[in-house]
Every structure is written in structure tokens, then in C-alpha cells.
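Down below is the structure, laid out as C-alpha cells.
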């Protein structure tokens, strides 16, 4: 058992998969440059030295080519792990991510498969609106694309390995403030969720959530940074005798609906906490599903706590107002319990 | 009084059905006989018709949920009837306003209560489910909602139920009213309020009846046929009713409807409560047929599969508590019947016999008749006739009239 | 560079491909007008020499990326016309089980990915296939077809640049038919030739008469040899003309009839016929027999498509993910 940060866990996952399967390679911007960072968040640090530049491939700032090449290489039998550097740049490669990667198999009547992973860091980190978004909702709506969002070191390693082996396009969202980077790349305001990671080989299945905390008064669904805010809120609420249950879905598509339904049947109240903008966020989908499937188990309206419908602001004071935090979560829970 | 929407016992084997969908919702008007909801039994999908003309007022069961046979799953207001809410609202309006200061317990949203604004009672889906499971009918102002926007939530119902209990001494165990209990209670009160019962009693020497029965048993050692005493009492009642047709009757409003056949209702004690299935045309059956049919009725009553037809149409009831070991009791009329016979135990006692004292098999028989229709003398004459029949089993002429 | 000698049979095969594409497209057009094909069509009529000349050098294991106008590429690459026809009819026996339609024809058994209908969208994927071939060092090549319209897409620039810096075995064939949908070439470009842009990426750029089959054949032969030996990509611009509208619903009022007449005179098929007949060992009858065979093949394809079953409605839900 080792105590790893998420960035270390991801690095281990990539390395182990590359050792295990020679078809696996990494492609992205600034991921293997000599004397460089090993990726914007140091995830691929040291890997170019070990595997060479034929397996850790740096591209120019050409997101479309980066994504398209990952797709083409995957169709031709490789297992690329692509890195879009900032989730916001997914929009630069949107055609490839939405029109090509998820549709090739279907349009061809099942002749091709696209076994690629696109790693995308998200989350607000005081860099301004264009480097701060959470855009999961754009991609949870694309048939043919799997969307994964781990929040712990254990899940990051296990899910990345599963994503590489899945055989389909997987969009792998990481949160910038959860990497636990040490040294030069440490982010202001970051958490360092160091977690236990087994030494032996393990996988975390795509499509299965996890109960992070048990409770009986309300169910919170949250990922990434918001999961930690929810956990902190839960501790405080517990002082007042309110016990919330926290579900970490870990995968957004395909969603583990049963774990959420079972929790709502138990608690009768559902709150989704997400860092992305409120309107049409991925939380809205969960709310709609619950309002249908477990309607008669609800004791209160379903609530979503999210950022308001504005671009992410820069100034720390504004960012604090923008982001859902512990206090906002506590207020909403108290309103419905 | 609103009309109950009752789940009909459409299944021979199950006492729950699945409600598939409501064809009408609260507020809709409905004709008597119009399809009100559909259910699924273990065998088929069936329509259930409205029992009355009116407006659907409340429904308690959700589509795709399990419903208990004979349970009430909604109410229909008859044309012109007021809802209980409207009645209560009229009462409320005539009372002074309460202040709202004491209701500010939480920061947000609770001050605007759609309940008070629209006159509707908002109950969360979870609370509805809980109420249905506990056979709780929620009426306006019965319970204060503590949920968002004044909604009644599950916790409110739990507290309400707990409060009901804590006013007297703490109950050891709460037996919620089952449907059977509710039906029995209603019918007993109906009988109590509407009939004029008088009970007549007689003690009979049934020693010869006992010998007669023993002989049948001996004669049928091969096939094992064993009539019960109840079977013989049924036979005796049918014969006696031939001469006293006014007791084989059903009252309709103020008229007495005499019946050609004896549809004999038999009181059966089951785990779930008293069930009184009817042995139809009992007077046309041989003794063996009486035995067979009675056993079948009792078996069905015991396992809960008595059909609605089997529970209706009785013209005379027999209740035999002799096996439990009592002598007399005053049975209660089973309306719209007008007479009911109570049998106690057969006991060996010293009695006058052939000029001396002997140990004889003695039986107390009771008869309650509805004095609105049957006066004392005719009732007494019936009872005497019944007793004579039972006491004359030494007479071979009687034997020959009995077909096994 | 030493040119391989072309056998008589090979010449006749080239003619078969060339003419088959023309006749297939013409007859599919007729079927469309008869209401038998449920979709729109983007016909390759007039451009046949390019597909034929390029695919003559490709193995089944080489990859081909095509566009919304893929029928010619598919036929030249070896996709069965029965499967193409059935796909156009939307039948279950189509090459894509009826799920792709005219703009997504493909058959991985002969190396053709489902065609990409997003202009320029196939170029990065082509670079990716070529990347895999380079990493595997299997001497495979990838051919990417696109039109003059794609040459102004960001995807096109990024991909050619990427192919250049990685020395990928990718050949970019630009079919310049002078119109990007309805907009003329002269409006969209300051350069006279798209191939002039190759120097911007540091790779060879070649201009060729796209209606001269043997010219295309020779130029592509060189580019393929370069690619297979690891010398990297080439950009080849084939000048040609689309004899019909952009799609079936196009009345072509943005072109002059004079221009169309001029280009009809340069039709690739009569030109190649004359070239063949100039050879001693090929006569009229050889070509006539091939023509007849082509009609029969197309008849069979139409019958096959008409007789084939429709897809099962349950197929809507399959082939999204690989299980």
C-alpha cells in the first residue's frame, strides 16, 4: 500500500498500462519535452525519459490534430492516452470529440472502434474564465462517449486503467485542485487528497459509483472539489444531528443510477452539488432521473447547488461568491430536512 | 358521506392486486359504472368501475403500486356534497385569524405556504406512500406540514401517529385496523343501530341425535364419512325453516323479502377475523353435500380466498361456538337477514328421561330475531320447531327423510 | 525513380474501375430520380481518374479517409458495389448496416474508414492512422482525400503540419474541382494552386491534371514510394471538375454553362480510352466487353439492394459502444 497524490496515481496508471501494453502511448502538448514539465500538471513527468518520444508524443498547439490523431491511431489499433492540457480547450477540438470519435463506430455499422482516452483537467483556479470551466455537461450529452470523473487517488489510478482498456472513447476529467502536485506546480487553494493506493494491480470499473459517507436525512451527489466540500459540510451538519449520505458517482456516463436511487429511497431527499454552471448541468439530468424513477420516495423537492450562469470570474472575492462552498451546502440541506 | 372507492376482490388467490392506472383524477366527474381504474391480477388486466356518480375527491394509491383487496383507495363525492375541506373552511372562516409570528422557524421559504393559499393539502410523495401503507386518511388541518413550502412529510405522519397513542397510557402494541376488522366493525354497528334484536333460548336433549351421528360414522367406516354437528344443525335449520318461511328472509328497506331457497350463512372464525360465507340452496343438499360444501367454504375462509359472491345473499345464519366449549350467547343479527341461530356445546348432564334421571346429551340453542319483522311468538315457535327436530332423532321416520 | 511496367491486364483493370465509377454514379442518380434512394447523393462524376489513379497503388492494409463524396473512392479502394448500393438503399446488408448512408461509406476489410462528412474532419484522423503505421513501422500508407473547400479548414492545416513534423506516411490528395459547395476557387484563395501551400509545412507539393489518369497514377506512385520508405507526406493537388451539382438538390446556377462545356471536353474517360486504344494490344472490343460487364455488375448490385432486408428497428441501439 502506498500513500499517493492523484497526480502520482495517474502517473503510475499510465506507466503501468504502457508497460503492460505496447499499443498504449501518450499524445499531448508539452507532455514529454526534454527539460520540460511532463505535462501542464506534471502527470507525465519522467515518462518520456523512460519510454522515449515515440510513445510520449508532443504535438504543436493543434488541438484538432491532437484529437484527430488519437482517433486515427486508435482506429488503426493503438491505445492512445491524449492530454488536452486544459478542459477548456476541448472546445477547440469539439468537432473531433463530438462528430468523429463517438460516431465512427455507429456510422460504420460496428466496423471500427475508437479505444482512446482524452484526459482533461477542469476546475476554477484563478486563471480567468477560459481556463476555469467545468464542461462535463457538454460531453455527457454525446452518445458514444464515456465520461469519467475520479476524485481520489485510488479511483484516479483504477479508472484510468479501466479507461485505457475500455475499447471506447473515454473523456477523463481530472480536477486541477485535487492533483496534489507538490513543489513548483502546487496550486493556490489546492487540497492534497493523499490516498491509499494498493501496490497490486486493481481496476475501478467504469459506471460504478461509491458511497463516501452514509446517512439517512439527505443524499448529496458530488464529484471532484465539490465532493470534498460536501464531506466538510456533512461533518458540520452532523454536529446538529443531521446525517447526510454522500454519493460519488465516479463516472458520469454511463451513470450508476441504482446507487443514487437506492440512496434516495433511503433518505427521501436529493441534492446535487456541482462546480459547473447551474442551467443544464449534469446535475439536471440526475434530478430528472430521480424525479421519474424514485418520485414516490421523495420527501422534499430535488435541489441543485451549482455555480451561477456566469463565466468563472478571476478575483478571489468574486470566485468565492461564484463557487458552491460548504456554507451554501449546509444552508440548502437545512432548508429541506 | 363520500363514497369509498374500494378495491374489489378480483383474484381468487391473492389479496393484493397491482393498480395499473387511474382513468380519472381528483376533480374529474365520473358516472356510476364508468371505468375508474385498471388493475392487474395474477391472471389478467381488468377494469374497475366507479361505484357511484359524482366527483373523484381523493385517491390514495399510486399507479403501478400494490393495493390490498377490499381496501379503500379513494373517495367520490356525490353530486352536491361538500368536501371535508370546504366544510372545515367554512368553520375556519367564521373563526378569528391566527397570527403567523410563531411559524418562523427556518430562514427560507416556509412563510409562503401554498397549503394556506390554495386550500390544497400538499403531501410529499413519500408521505403519501407512508399514509397508504398505514391506512391513514389525511384531511386538511389534521396535520401541520413541516416540509419545504409547508408540505406534509413522512416525519409529520410518524409524529401524528405517535401522538395519537401517547394521549392515553402507552400502548403495548398497536394493531392497525385491517380491512376485515373495519368491515366487521361497520356491519356490527349497522346491525346494532338498525335492528331490534331479541334472543330466545332453549335447552334440547340431543342424545338421539348423537346416536344417529355415531351410527352414520360407523356405517361409513369404509369411506370415512363423518358429518359434523354443524352439518346436522344446518339440515335441521333448513327443515324447520320450511315451516317458518318468515325467518328465511332478507329485509329490503321496510319490506321483508322471503326466499324460496335457504342460503345458509355459516360463521367461521379465522385468524383475520370473522368470515360468514354462504352455503347456497342448503335446503336442496343431501347431508353429505352439506358436509362437503361446508368444509370447502370453511377452508376458503381460512385461507382468505372466499369470493365476494360467497359472502353475500345469505338468508339465515348459524353460529356454532360449541367446539370452543360455551353454552349460550346472544348472537347479533347479520343484516339484511332477520334471524340467527347460536349453538353451544353438547354436554352430558343429568336430565329427566323416561320417568327417571339419566345422563343425557344436552345442548343450548339460542335464536336472535329482528323484532321489527319477527315477533316473539313466531320466533319462539321456530326455535321450538328446531329443537323438536333435533330431539326426535330416535324416530325412524326422520331418518328416512335424511339423504346422505 | 524507376517506374514499374504496367501490364495489359492492369490497364484494363484501371479502365474497369474508371468506367465502373462513372456508370455506378450515373445509374445511382437515375435511381434517386425514381425515388428509390432515401437520401441525397454527392456524385463523383468527372473526377473518376483521381480515385482510380490513387487507389491503384494501395493495398487493402493501407488506409483511406474519404469525404461526403465517397462513392468513387470506395469503388476504387475495393468496396463491393453490392454493399455500397445496399447502404444507399438503407438496407441491413449495406457496408455500414444501413446506419451510415451515402456520406459514411466505408469497409475496414479494404482499409477504408467510414467516410467523414465534416469538411476537413478526416484529415487529422488520417494523420492518426499514419502515425500508427509509422510507430508500427509496417510500411503502410494512409491516403486522405479532401476538396478545395477543406484547404481552408483549421483541421486541414493542423493535420498536414503534424504529418510533416512527424514524417508521417500520409498522402494528402486535394481534389480541386474549382468549387467549394457553390463558392468558386478564385474567391476563396489568393494562391493559384493549393499545392503551393505545401511549402508552408515544408513538404513537397505537386499539381497534376486530375482528369489524366496516367498523370495521376505516376505522381501518386512517387508519393507512395516516398511514404513507404519513411520520407514523409506529400500534398498532391488534382485539378478537376465536378460535372454535376454539389449534391442532388443543386441546380448549379453559380457556374456558367460555357465553363461546364469546356470541362466536358476534358472528360477523363474518353481520354483514357484513347490512350488505351493507342496501345497495340488493346482494341475496342476489349473495352466494350468491360462496359457490358460493368452494366451487369451494376444490375446485380441493384437487385441485391432491392432484395435485401431492411434493418431491424432494434439495430438503432447497437454499435454505440464496443462491449
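Chains as they are written, first to last, in my numbering: chain A, 4 to 340; chain B, 896 to 1299; chain C, 72 to 394.
By construction, the Cβ of each residue, glycine as well, lies at the ideal position given by its N, Cα and C atoms.
Please read these numbers as outputs of a predicted model, since none were measured by experiment.
Item, Value
"Neighbourhood of residue 1286/B by C-beta, 8 Å cutoff - its chain only, sequence neighbours within 5 removed", "1099, 1100, 1101, 1103, 1104"
"Distance between beta carbons of residue 1263/B and residue 1097/B, contact taken as under 8 Å", "Not a contact, Cβ separation roughly 13 Å."
"Contact set between residue 1019/B and chain A, taken where Cβ atoms lie within less than 8 Å", "271, 301, 302, 303"
"Rounded C-alpha distance that separates residue 338/C from residue 82/C", "18 Å"
"Beta carbon proximity, residue 1042/B to chain A, threshold 7 Å", "yes"
"Assumed close pair residue 255/A, residue 139/A - CB separation to whole angstroms, cut-off 8 Å", "6 Å"
"Where residue 1214/B falls: helix, strand or coil (DSSP)", "strand"
"Amino acids of chain A, ordered along the chain, whose beta-carbon sits closer than 8 Å to that of residue 1048/B", "271, 302, 303"
"Cutoff 7 Å: residue 339/A Cβ touching any chain B Cβ", "yes"
"Where residue 317/A sits in the DSSP three-state scheme", "coil"
"Interface partners of residue 67/A on chain C, CB under 7 Å", "195, 225, 226, 229"
"Contacting residues, own chain, Cβ-Cβ under 6 Å from residue 1165/B (five flanking each side not counted)", "1196, 1197"
"Interface positions of the stretch 104-116 of chain A facing chain C (Cβ-Cβ less than 7 Å), listed along the chain", "107, 108, 109, 110, 111, 112, 113, 114, 115, 116"
"C-beta neighbour in chain C for residue 213/A, strict 7 Å", "no"
"Short Cβ contact (7 Å threshold) for residue 123/A with residue 93/A", "yes"
"Cβ of residue 284/A within 7 Å of any chain C Cβ", "no"
"7 Å Cβ cutoff, residue 1051/B in contact with chain A", "no"
"Span of the beta strand (DSSP E) around residue 969/B", "967-972"
"Coarse secondary structure for residue 90/A, derived from DSSP in three states", "helix"
"Assigned secondary structure, residue 86/C (DSSP; H/G/I helix, E/B strand, else coil)", "helix"
"Identified DSSP bridge partners for residue 1152/B", "1145/B"
"Cβ neighbours of residue 322/A in the same chain (closer than 8 Å, five flanking residues each side left out)", "127, 129, 315, 316"
"Residue 368/C, DSSP secondary structure in three states", "helix"
"Close beta carbons around residue 993/B, own chain, < 8 Å, minus the five adjacent residues each side", "Caution is warranted here: a pLDDT of 39 is assigned to residue 993/B, below 50, making its placement in the model unreliable, and no coordinate value can be reported."
"Check whether residue 1277/B and residue 1087/B have beta carbons under 7 Å apart", "no"
"Nearest-angstrom beta carbon gap, residue 141/C and residue 176/C [assumed within contact, 8 Å]", "5 Å"
"Where the alpha helix (DSSP H) through residue 272/C begins and ends", "269-272"
"Runs of beta strand (DSSP E) lying entirely within the stretch 244-268 of chain A, each at least 3 residues, in chain order", "247-251, 254-256"
"Neighbourhood of residue 150/C by C-beta, 7 Å cutoff - its chain only, sequence neighbours within 5 removed", "166, 176, 178, 181, 183"
"Inter-residue spacing [alpha-carbon to alpha-carbon] between residue 215/A and residue 168/A", "26 Å"
"Which listed residue (896/B, 898/B, 915/B, 1293/B) has its alpha carbon closest to that of residue 1107/B", "1293/B"
"Best match in 341/C, 277/C, 201/C for proximity to residue 89/C [C-alpha to C-alpha]", "341/C"
"Residues that DSSP places opposite residue 1248/B in a beta bridge", "1251/B"
"Cβ neighbour criterion (16 or more within 10 Å) applied to residue 180/A", "buried"
"Residues that residue 1022/B contacts on chain A, provided the C-beta gap is smaller than 8 Å", "302"
"Heavy atom of the ligand NAP within 6 Å of residue 965/B beta-carbon", "Ligands are entirely absent from the displayed structure, and the ligand NAP is therefore not among its contents."
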